[in-house]
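Residue numbers (the working numbering): 1 to 117.
The following block contains the structure:
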């Protein structure tokens, strides 16, 4: 299992998010990551499948189904319970940080000090 005390890399966050609502195969995951990131993150094939392998080894995702399509094996992936819990923890961490950043930005516009801390 990976050390999840550190923040998650964005591709991992996006892949887990793409799997949060339903199982998806590799191409579907790549397309969903593109949608979630509003076109900002385009996972290359090697990056995607390397990430999927690593996430399986870490116990965050598993193969949901396999089928042959035009002679090629197509795997569909799903989150494990650990993957779902890990994603939820990362969402809480990001939300807490974003709230604090928002609070500080509002405070800075209300009480500009101009002096470095």
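Note that beta-carbon positions come from the ideal geometry of N, C-alpha and C, so glycine has one too.
Note that the structure is predicted; figures quoted are calculated from it, not measured.
Here residue 29 carries a helix assignment [DSSP, helix/strand/coil]. When C-alpha distances from residue 83 are compared across 27, 77, 16 and 100, the shortest belongs to 16. Counting C-beta atoms within 10 angstroms of its own C-beta, residue 77 has 16 or more neighbours from the protein chains shown and is therefore classed as buried. Three or more Cβ pairs closer than 8 Å define a contact, and the stretch 29–44 falls short of that threshold against the stretch 94–112. Here DSSP, grouped into helix, strand and coil, assigns residue 80 to coil. Under the 10 Å beta carbon count, residue 89 is surrounded by fewer than 16 other beta carbons and is classified as exposed.
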